[in-house]
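In our numbering, the protein residues as written are 21 to 451.
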């Protein structure tokens, strides 16, 4: 480590020599002691539970290597869980006293019970907090304190095969009727209009999430707060029509066969290989598309769930955050790891691999053509992913409800029943 030395004027050569020798001795012995302290620092292993492997697996490895080069005494022991299993697994681990030092946290209300129970470390004093975009900081905060490092921001829209659009002479639809017309043209050309993979429960929510910003929040931004205040319900809101139109897409034959038995990976593969022309999904699917077909040329536009002339809003939201156990035996090492992820060059590297949008005011990655195409629509209007402000349990009720509705179009399990059950859980859990 370099040291600035101040050379003072002196009247004798002897005094100058004495000061020089003293400085040499100090530098040699102090630097030696510092080096030995670093080398002899006690090895520490931090356990981390994560679910975000598929999209950024390679960059996680590189990040870990970079971190261990900077902090050779700290080892990260990664454990991965599929996203459908992650939430229940982390809850079980924490409740049983087996909390990992580090783990992924979801934005919004998901963290509430962990904070109330004292399980999450307060990260409000970390240097990267001041660099966060206001919305990102808000989603990671509870009662003014920050409990997670947000990594990236995503958007939901229609990812489409540009070649298929070009071959069929299609243009980007501006309203729902135009969107249905695009689907009909693809169907007539023996191309599956929309790929879907509802075998993975979380996929069931994507279409309603893409509809709601335009159908509800564009004109009624206080809908969520009014839900908490008991002024409105899911059952008596645009949710009923949204679900009806979701079912209508199935009945028109616009989805692939096996709406409930196709997985997310199979869904993405249908689009990547040109068997399907579009899918309603978040930009986090782009790396998976590239993995299936590196030459795939994809564009992205918001789901135009609007009438002619109306503005389409985009669903946006933080993907995940990095949180820490409040009971970790290695708090300083944990903070070093989280801070490392927040460094601009590291965050930008991750965003490039994940093909996602930034959360820091000083990070400006070069967006690929797919993200650039969606960006102007995001400037018109956005609303966060719905579950990020819902009480715990509402999302799971919705998952089960959508699957049940789609079995036979709501004949056995009506849409109204699903929405009333969501209302009941919301009411029970909101406090």
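Heads up, the beta-carbon is just placed ideally off N, CA and C, and yes, glycines get one too.
All of these numbers come straight from a predicted model, not from anything done at the bench.
Asked                                                                                                                                                                : Found
What did DSSP end up calling residue 54 once you bin it into helix, strand or coil?                                                                                  : Confidence is the limiting factor: at residue 54 the pLDDT is only 40, short of 50, which leaves the residue's position unreliable and the question unanswerable from this model.
I'd like to know whether the C-beta atoms of residue 207 and residue 266 end up nearer to each other than 8 Å.                                                       : no
Check whether the region 435-450 touches the region 415-423, taking contact to mean three or more Cβ pairs, one atom from each stretch, closer than 8 Å.             : yes
State the beta-bridge partners of residue 180 as determined by DSSP.                                                                                                 : 298 and 319
Would residue 260 and residue 435 be called neighbours here (beta carbons separated by less than 8 Å)?                                                               : yes
Would you kindly check if the distance between the Cβ of residue 151 and the Cβ of residue 359 is under 8 Å?                                                         : no
With DSSP run on the structure shown, which of helix, strand or coil describes residue 456?                                                                          : Because the chain here runs from 21 to 451, residue 456 falls outside it and cannot be looked at.
Let me check understanding here. Comparing Cα to Cα, which of 175, 79, 118 and 154 lies closest to residue 406?                                                      : 175
Determine the burial state of residue 26: buried for a count of at least 16 other Cβ atoms within 10 Å of its Cβ, exposed for fewer.                                 : Low confidence applies here, because residue 26 scores a pLDDT of 38, under 50, leaving its location unreliable; read the following figure in that light. Its Cβ having fewer than 16 others within 10 Å, residue 26 is exposed.
With a 10 Å radius around its C-beta and 16 neighbouring C-beta atoms as the bar for buried, classify residue 462 as buried or exposed.                              : No statement about residue 462 is possible, as the shown extent of the chain runs from 21 to 451 and does not include it.
Expressed to the nearest angstrom, what Euclidean distance is found between the alpha-carbon atoms of residue 154 and residue 362?                                   : 16 Å
State buried or exposed for residue 2, treating a residue as buried only when at least 16 other CB atoms are found within 10 Å of its CB.                            : Absent from the structure is residue 2, since the part of the chain shown begins at 21 and ends at 451.
Return the bridge partner residues of residue 212 from the DSSP annotation.                                                                                          : 296
Would you give the residue range spanned by the alpha helix (DSSP H) that residue 418 belongs to?                                                                    : 414-428
Measure from the alpha carbon of residue 321 to the alpha carbon of each residue in 330, 395, 137 and 349, then state which is nearest.                              : 395
Please say whether residue 131 and residue 168 have beta carbons closer to each other than 8 Å?                                                                      : yes
Does DSSP classify residue 6 as helix, strand or coil?                                                                                                               : Any question about residue 6 goes unanswered here, given that the chain covers just 21 to 451.
If we count the other Cβ atoms within 10 Å of its Cβ and call it buried at 16 or more, is residue 432 buried or exposed?                                             : exposed
Can you give me the C-alpha to C-alpha distance between residue 416 and residue 367, rounded to a whole angstrom?                                                    : 31 Å
Check whether the Cβ atoms of residue 215 and residue 287 sit closer than 8 Å, and answer yes or no.                                                                 : yes
So residue 186 and residue 165 are in contact, right, with Cβ under 8 Å, and what is the actual spacing, rounded?                                                    : Actually they are not in contact, since the Cβ atoms of residue 186 and residue 165 sit about 50 Å apart, beyond 8 Å.
Report the CB separation of residue 379 from residue 177 in whole angstroms; it is logged as a contact under 8 Å.                                                    : Not quite, the Cβ-Cβ distance comes to about 19 Å (not below 8 Å), so this is no contact.
What does the Cβ neighbour count give for residue 67, buried or exposed, with the cut at 16 atoms within 10 Å?                                                       : buried
Please report the residue range of the alpha helix (DSSP H) in which residue 282 lies.                                                                               : Looking at the DSSP string, residue 282 is not in any alpha helix (DSSP H), and its letter there is neither H nor E.
My parser needs the alpha helix (DSSP H) runs of 4 or more residues fully inside the region 360-411; what are they?                                                  : 364-374 and 389-398
DSSP state of residue 99, grouped into three classes?                                                                                                                : strand
Using DSSP bridges, identify the partner residues of residue 162.                                                                                                    : 165
Considering just the uninterrupted stretch of the alpha helix (DSSP H) at residue 439, what are its terminal residues?                                               : 435-449
Quick one, which of 97, 104 and 218 has its alpha-carbon nearest residue 427's?                                                                                      : 218
Would you say the beta carbon of residue 426 comes nearer than 7 Å to a heavy atom of the ligand PLP?                                                                : You won't find the ligand PLP in this model; it holds no ligand whatsoever.
Applying the criterion that 16 or more other CB atoms from any shown protein chain within 10 Å of the CB defines a buried residue, is residue 402 buried or exposed? : buried
On the CB-based measure, 16 or more other CB atoms within 10 Å of its CB, does residue 316 come out buried or exposed?                                               : buried
To the nearest angstrom, report how far apart residue 429 and residue 411 are at their CA atoms.                                                                     : 27 Å
On the DSSP letters alone, give me the boundaries of the beta strand (DSSP E) that residue 264 sits inside.                                                          : Here residue 264 belongs to no beta strand (DSSP E); instead the alpha helix (DSSP H) covers 259-271.
Out of curiosity, what's the CA-to-CA distance linking residue 290 and residue 184?                                                                                  : 13 Å
Kindly indicate which residue of 124, 246 and 336 has the alpha-carbon position closest to the one of residue 231.                                                   : 336
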